[in-house]
Amino acid sequence: MLMVVMVSIAGNRLYGADVIAENLSCAGITAPNNLDMKTPELSWQITVGAGIKNVLQTAYQIQVASDSAMLVTGAADLWDSKKMISDQQLNVVYGGSLLQSFQKVYWRVRVWTNKGGSPWSKISNWRMGMLRISDRKAEWIGYDHPFEGDTIMKFPRLCSRYLRRGFTTDKKVKSAIAYISGLGLYELHINGRKAGGGVLAPAPTDYTKTVLYNAIDVTDLLRAGENAVGVILGNGRFFAMRQNYKIWKWRTFGFPKLYFQLRIEYEDGSIKNVVSDRHWDISGKGPIRNNNEYDGEVYDARMELAGWDSPGYTCPHNLWQPVEWVDAPSGVWKAQLNPPMKIMQRLKPQRVLPAADGGFILDMGQNFAGWLEMALNGNGHRGDTVQMTFAESLVKSGDSYQLYRANLRDAKSTDYYVIKGEEKETWHPVFTYHGFRYVKINGYPANPSLRPTLKEVTDVFTGDVIYDDLLQNGQFTCSDSTINQIYQNAVWGIQSNYKGMPVDCPQRNERQPWLGDRTTGAYGESFAFNNQLLYDKWLGDIKDAQLVTGSIPDVAPNFWMYYKDDVAWPSTFLTVGEMLFHQYGDSAIIQKCYASMKLWIEYMRKKYLKDDLIDKDSYGDWCVPPDSLKVIHSTNPSKITDGALIATATFYHDLQLMTRFAVIARQPGDTSDYQKAARQIKSAFQKKYFNHSAGYYGNNTVTANLLPLAFGLVDSLDELKIFNHIIQKTKEDYNNHISSGVIGIQWFLRMLSRYGRNDLAVRIAADRTYPGWGYMVANGATTIWELWNGNTANPAMNSQNHVMLLGDLLIWLYQDQAGIKSDNHWVGFKKIQFEPFFTGRLDSVSATFHSGYGWVKSHWVKKEGSLNWTIRIPPGTTATVHIPSGLNSVCLDGKSVTNLLSQEGKRQIELGSGSYIISGKFLVDK
Numbered sequence: 020m021l022m023v024v025m026v027s028i029a030g031n032r033l034y035g036a037d038v039i040a041e042n043l044s045c046a047g048i049t050a051p052n053n054l055d056m057k058t059p060e061l062s063w064q065i066t067v068g069a070g071i072k073n074v075l076q077t078a079y080q081i082q083v084a085s086d087s088a089m090l091v092t093g094a095a096d097l098w099d100s101k102k103m104i105s106d107q108q109l110n111v112v113y114g115g116s117l118l119q120s121f122q123k124v125y126w127r128v129r130v131w132t133n134k135g136g137s138p139w140s141k142i143s144n145w146r147m148g149m150l151r152i153s154d155r156k157a158e159w160i161g162y163d164h165p166f167e168g169d170t171i172m173k174f175p176r177l178c179s180r181y182l183r184r185g186f187t188t189d190k191k192v193k194s195a196i197a198y199i200s201g202l203g204l205y206e207l208h209i210n211g212r213k214a215g216g217g218v219l220a221p222a223p224t225d226y227t228k229t230v231l232y233n234a235i236d237v238t239d240l241l242r243a244g245e246n247a248v249g250v251i252l253g254n255g256r257f258f259a260m261r262q263n264y265k266i267w268k269w270r271t272f273g274f275p276k277l278y279f280q281l282r283i284e285y286e287d288g289s290i291k292n293v294v295s296d297r298h299w300d301i302s303g304k305g306p307i308r309n310n311n312e313y314d315g316e317v318y319d320a321r322m323e324l325a326g327w328d329s330p331g332y333t334c335p336h337n338l339w340q341p342v343e344w345v346d347a348p349s350g351v352w353k354a355q356l357n358p359p360m361k362i363m364q365r366l367k368p369q370r371v372l373p374a375a376d377g378g379f380i381l382d383m384g385q386n387f388a389g390w391l392e393m394a395l396n397g398n399g400h401r402g403d404t405v406q407m408t409f410a411e412s413l414v415k416s417g418d419s420y421q422l423y424r425a426n427l428r429d430a431k432s433t434d435y436y437v438i439k440g441e442e443k444e445t446w447h448p449v450f451t452y453h454g455f456r457y458v459k460i461n462g463y464p465a466n467p468s469l470r471p472t473l474k475e476v477t478d479v480f481t482g483d484v485i486y487d488d489l490l491q492n493g494q495f496t497c498s499d500s501t502i503n504q505i506y507q508n509a510v511w512g513i514q515s516n517y518k519g520m521p522v523d524c525p526q527r528n529e530r531q532p533w534l535g536d537r538t539t540g541a542y543g544e545s546f547a548f549n550n551q552l553l554y555d556k557w558l559g560d561i562k563d564a565q566l567v568t569g570s571i572p573d574v575a576p577n578f579w580m581y582y583k584d585d586v587a588w589p590s591t592f593l594t595v596g597e598m599l600f601h602q603y604g605d606s607a608i609i610q611k612c613y614a615s616m617k618l619w620i621e622y623m624r625k626k627y628l629k630d631d632l633i634d635k636d637s638y639g640d641w642c643v644p645p646d647s648l649k650v651i652h653s654t655n656p657s658k659i660t661d662g663a664l665i666a667t668a669t670f671y672h673d674l675q676l677m678t679r680f681a682v683i684a685r686q687p688g689d690t691s692d693y694q695k696a697a698r699q700i701k702s703a704f705q706k707k708y709f710n711h712s713a714g715y716y717g718n719n720t721v722t723a724n725l726l727p728l729a730f731g732l733v734d735s736l737d738e739l740k741i742f743n744h745i746i747q748k749t750k751e752d753y754n755n756h757i758s759s760g761v762i763g764i765q766w767f768l769r770m771l772s773r774y775g776r777n778d779l780a781v782r783i784a785a786d787r788t789y790p791g792w793g794y795m796v797a798n799g800a801t802t803i804w805e806l807w808n809g810n811t812a813n814p815a816m817n818s819q820n821h822v823m824l825l826g827d828l829l830i831w832l833y834q835d836q837a838g839i840k841s842d843n844h845w846v847g848f849k850k851i852q853f854e855p856f857f858t859g860r861l862d863s864v865s866a867t868f869h870s871g872y873g874w875v876k877s878h879w880v881k882k883e884g885s886l887n888w889t890i891r892i893p894p895g896t897t898a899t900v901h902i903p904s905g906l907n908s909v910c911l912d913g914k915s916v917t918n919l920l921s922q923e924g925k926r927q928i929e930l931g932s933g934s935y936i937i938s939g940k941f942l943v944d945k
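With the sequence shown counted from 1, adding 19 to any position gets you this note's numbering.
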């Protein structure tokens, strides 16, 4: 009792504005409106007045109430944590009263620090979703048949389904939330207006395992009296892009269907539900005549159903019919927490080019994923068709150009718009997207003998850039213009392939979530985008795809059924989990996935581990740069790494991760088992693959030596010997160029820097000759290619918007060049390790990164033998600043530092939050 009284007295002190708690989030989202977890996690950041340093949180108090007015008076009917002595700011688990379905909850926090306390934060909120099966009042509706004009074949043609119903509101509305899942995709309209800012929703899943629903606040769209709701259903991944084709590989789930529940809460507290049921009508005679993610959209504006989504519309019997009740998908009903896709940017054409076979070509100036929006504004005749054909690159044909589309394989990637002939016509597709830089326009309503001017086309055409609505939380620049362009290309490539899941490419007949593309890619991406919720969702997709035996496929969701029991690709399940823990402090995802991870490890051990070695490898060091610029895969045996070596080394690394995960998941009994298995594999690996006399692994490829070095398989006395072989091969055999594929490139730059050759790493990263990222830039790339020779290789596999060859590039830029890295123990950037490598030709580097605690910054400049280095450490965190060897006359904020700490031969400074300037002079100009 005495302790409670003391806390209460402390809580009454007055606070100034020098310490503020802000940027409140719940479940990683600002004010989410659809949580189906009973104990969400709460986080906040601390900001302080200018010049205040060394700020650490010492305690917090959270208050949660069912009404915001209660919080203002200090009443917290759901939870008052009281003053908790803790420095935890991230992922604090809600510990209050049991929350109810659909409940709106208000919360605030205040903190105590070693520099004083904060006032109460601004009030934030969250809303619960459906927590019980009984909350679901609606039925699944649709039409499980083709409509007239639909064809079900390899290249299907299926029109969009339009569904509607009217309803009334007879009281004053307090709130109205639409809970909706339209499979494969939907667009919701209320009273003639589109609801919500998302597109291509919901995020794709294996619908037999998980069905995601969205919650959209439509309060402002309702009106007193008569209202109407309309939903357009698209095919998405539910009705697959290819039908009756390779049924052993392709998965399709049925005709599109709808679940809809509009929950209206009136001011008097009463509730009305407007739900999908037999009172709806459906039409297959609307303007979207076909929609297909690969092939595009066909829109006949003459068939628009004027007023169909507005009150007072009467459904003509020749256009509409009653809906059918249809079977519910068998997947578990879950709220979608990962952000929806949105139109994130808009681009205008940069050039208008003559097309060799008629029409003209728009050059958007940038390869991206999205669609083209068109505003005809009275041009054209009724019934004329505008054809928009998309491609990533061009072929010169005399004085004209042709689209290069061979690399799209059989994806048609073409939109058609049939003009209705009205004064104003603005259109874009809604159920497809394209990966493109160039668009050929045929049938444009103007003088066909004249090519329109750039001014004319910029008034008509806009490129809508579409990807998941993720915060771009990092920026990187340096003194090398090629590296800067590579970084921008990487960002464009990453965002192009965020489509509710991380896909490999956005343009051809693939667009699949291959696990192997993100083994370390997800880690690098986390410095450029806040991708936590996307990858949380994706690990759920991988769990769903796992067979009862434990087998994990190479693609998840498993729209393509590839269960090859490879080691390297399924290992992404573990490495992405490690990324989420390391970068975001997300231990919950490890706990949630641990049983599935363990099941896979045990499956692989029992089925494939023989004499402590494993040879299950399907892809090798995929996409090693070939000697010829014309072929896809190298046939040079000196570049090909033994797949069994890759598999065994990777599985050893997996066991290291599982040892850590067992501690997080509170499974101490597993820890010793994994450690023992790892020791045995290490011993067997050394005996099998290490050439003691020559001092290298396998056949001495760079990748064969990189993996043991990166994973800790090398005895400490042999490390330098192994590294020297990597350097020798790179310099002498490959003229200081990359010789690895997808596997080796995940570790290449980091190992060069950390073993003392950052100068070589920088040189390779910036080189503009083949093979390398700079070669792509030198040849006009605005994204990252699938192949090192993507401009010349066989069109069967040369996507020009891929991310798998990024390897560890972004990790290396942020961690080893800017020096921004989370501590391995105090994860989530609770403690920051600043350790850039200053050797090499870079004269300056500047990077910012928005961590869970706030902005981290590192900016350094070398000039005439001097170093000037500015860093920023967010409140609530600390940092170790590593002082490079050879830097003398070290000053911190202009004051000489003589008592540098030394650990393992490294000089370092321990600092608290704040901004600092570190300077000094190199003994030798580096």
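Every residue, glycine too, gets a C-beta built ideally from N, C-alpha and C. Note that the coordinates shown come from a computational prediction; the quantities given were computed from them, not determined experimentally.
- Looking only at F274, G639, F455 and L324, the smallest Cα-Cα distance to K583 is reached by G639.
- In this structure, Y486 and A547 do not form a Cβ contact; the two beta carbons are roughly 12 Å apart against a cut-off of 8 Å.
- Secondary structure of T690 (DSSP, three-state): helix.
- If you check the CB distance, N292 and N246 do not come in under 8 Å.
- Ranked by Cα distance from A157, the options L277, R679, K141 and T917 are led by L277.
- Taking one beta carbon from each stretch, the segment 98-108 and the segment 901-920 have fewer than 3 pairs nearer than 8 Å; the two do not touch.
- When DSSP reads this structure, Q340 sits in a beta bridge with I301.
- If you draw a 10 Å sphere on the C-beta of P521, you find 16 or more other C-beta atoms in it, and that means buried.
- In the three-state reduction of the DSSP assignment, K102 falls in the coil class, being assigned neither a helical nor a strand state.
- Note on H298: under 16 other CB atoms within 10 angstroms of its CB, so exposed under the neighbour-count rule.
- For A354, the closest of S416, N887 and L150 by C-alpha to C-alpha distance is L150.
- Going by C-alpha positions, A40 is about 16 Å away from Y125.
- With a 10 Å radius around the Cβ and a threshold of 16 neighbouring Cβ atoms, M172 comes out exposed.
- Under the criterion of beta carbons closer than 8 Å, A69 and Q82 do not qualify as touching, at roughly 29 Å.
- Close CB contacts of Y318 within its chain, under the 8 Å cut and outside five residues either way in sequence, are with P306, I307, R308, D434, Y435, Y436, V437, W446 and P448 (chain order).
- Within the model, the alpha-carbon separation for Y285 versus N53 is close to 19 Å.
- W327 sits away from G215, with the two beta carbons spaced by 8 Å or more.
- Under the three-state reduction of DSSP output, T408 falls in the strand class.
- Beta-bridge annotation (DSSP): L920 is paired with Q927.
- Secondary structure note for Q507: its alpha helix (DSSP H) is the uninterrupted segment S500 to S515.
- Annotation: the continuous alpha helix (DSSP H) that includes C612 extends over S606 to Y627.
- Between the segment 786-794 and the segment 669-685 there are fewer than three C-beta pairs closer than 8 Å, too few to call the two in contact.
- Secondary-structure assignment with DSSP links Q494 through a beta bridge to T867.
- Judged by DSSP secondary structure, I196 falls outside any alpha helix (DSSP H) and instead within the beta strand (DSSP E) spanning V192 to L202.
- A straight line joining the alpha-carbon of E883 with that of I902 spans about 18 Å.
- Residue environment: G775 is assigned as exposed (fewer than 16 neighbouring CB atoms within 10 Å of its CB, all protein chains considered).
- Listed in chain order, the beta strand (DSSP E) runs fully inside the segment 434-472 are 453-461, counting runs of at least 3 residues.
- The Cβ atoms of S615 and K562 sit closer than 8 Å to each other.
- Counting along the chain, I851 sits inside the beta strand (DSSP E) bounded by residues K850 to F853.
- Contiguous beta strand (DSSP E) elements confined to the segment 374-409 occur at 379-394, taking only those with 3 or more residues.
- A Cβ-Cβ separation of about 6 Å places Y457 in contact with D382 under the 8 Å criterion.
- The Cβ atoms of V405 and I460 lie closer than 8 Å to each other.
- Shown here, D319 sits in a strand according to DSSP, grouped into three states.
- Looking at E442, A784, L906 and A88, the one whose alpha-carbon comes closest to that of N503 is A784.
- V586 has no beta-bridge partner at all, per DSSP.
- Nearest C-alpha to R891 among K840, M322, L828 and S915: K840.
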